[in-house]
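Heads up, my numbering is the position in the sequence shown plus 223, with the first residue counted as 1. We put the beta carbon where it would ideally sit given N, CA and C, even for glycine. As structure tokens, the structure follows; a few thoughts come after it.
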Amino acid sequence: MTTYFYCDIEDSFQQYRDRLEQYAIQHKQNIYMLRMPKNDVTDYDEYNCFMLLSPTYKVTLVNVSEKAEDFHDYCDDVEDAVSYLYTKYEYKKELGRFRTFFSELKEEVEDIVSLDNLDKFFQGISLRDSALKRYSTIVVSLCTGSINDINRVKSGVPQTLLQKVKQKIQLFDADQTRFIYQNLDKKRIRIQGLSGTGKTELLLHKLKELYTKDSNCKSPLARMAVPI
């Protein structure tokens with residue numbers, strides 16, 4: 224496992240999973256391969272499609288073998304799911320209407336053969352505009368469950384060093400995302416790190432995920448260590 228690549232599609236598209244993981248490691252680039260945004264509880268396994276996310280790149284929706292009509296339905300479902308999260312966490316107050324920028328941020332890939340040359344593919348979806356790069360990172364944070372406080376999500380591109388620090392969008396890497404969303408077959412898990420590195424926030428996200436998914440989960444702390 225790598226801290227650069229996260230995939231929640233268990234057995235499908237193995238060939239592309241392996242190549243994307245190697246690309247992420249080689250380029251030290253965070254890449255997330257998801258069926259749908261992580262906070263969406265609806266089952267979309269019937270779609271033979273997936274979304275590719277990477278900060279400062281376009282949100283890419285990839286068709287593997289669906290009919291064109293079904294792929295377009297999938298794209299609409301993804302957009303609706305992201306738009307819901309965007310509104311739920313009140314980002315609209317700071318950034319305006321979601322669809323005013325998402326159309327420029329979205330890339331629909333009708334044929335998966337476009338991923339045969341990953342260097343060319345990522346060059347094609349790389350964003351140049353600073354504002355769109357920031358929107359991309361915000362959407363990645365929403366889709367991976369790394370929800371940022373509204374105070375970090377400001378309109379406009381931070382200019383000063385202080386603004387860049389205060390408004391930096393925090394993202395979970397692949398290991399942190401796995402910790403939150405995958406069932407880890409261990410009785411005790413240690414979260415180690417220096418003070419201020421987000422251990423408590425990571426733990427709270429895991430607790431939230433446990434309580435949200437399992438109504439019978441009464442004592443998740445019994446299976447996890449507190450941050451040290």
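Which value, in whole angstroms, describes the spacing of the CA atoms of K329 and L284?
8 Å
Test item: CB-CB of A291 and M259 under 8 Å
no
Who are the Cβ neighbours of T310 in its own chain at under 8 Å, not counting the five residues just before and after it?
F321
Here's the rule: buried if 16 or more other CB atoms are within 10 angstroms of the residue's CB, otherwise exposed. What is V361?
Inspection of the sequence shows that residue 361 is occupied by Ile rather than by Val. Buried, since its Cβ has 16 or more Cβ neighbours within 10 Å.
T360, enclosing alpha helix (DSSP H) - first and last residue:
353-366
Mind checking who V285 pairs with in its DSSP beta bridge?
Partner(s): F273, V332.
Between which two residues does the beta strand (DSSP E) containing Y229 stretch?
228-230
Taking a contact to mean a Cβ-Cβ separation below 8 Å, would you say Y280 touches S349 in this structure?
Yes, the Cβ-Cβ distance between Y280 and S349 is below 8 Å.
Using the beta-carbon count (16 or more within 10 Å), is I373 buried or exposed?
exposed
Assuming Y255 contacts Y229 (C-beta within less than 8 Å), just tell me the rounded distance between them.
5 Å
Simplified DSSP state of S235, which is helix, strand or coil
coil
Cα-Cα separation between Q252 and F345, rounded to whole angstroms:
11 Å
Contact check, F294 vs E233 under 8 Å by CB: the rounded distance?
About 21 Å separates the CB atoms of F294 and E233; that is not less than 8 Å, and the two are not in contact.
Rounded separation between N367 and Y358 - CA only:
In the sequence under discussion, the amino acid at residue 367 is Thr, which differs from the Asn named in the question. Rounded to whole angstroms, T367 to Y358 spans 14 Å at the Cα level.
Taking C-beta to C-beta, are L341 and R240 nearer than 8 Å?
no
Are the CB atoms of Y317 and L355 nearer to each other than 8 Å?
For the record, residue 317 in the displayed sequence is Glu; it is not Tyr. Cβ distance not < 8 Å, so E317 and L355 don't count as in contact.
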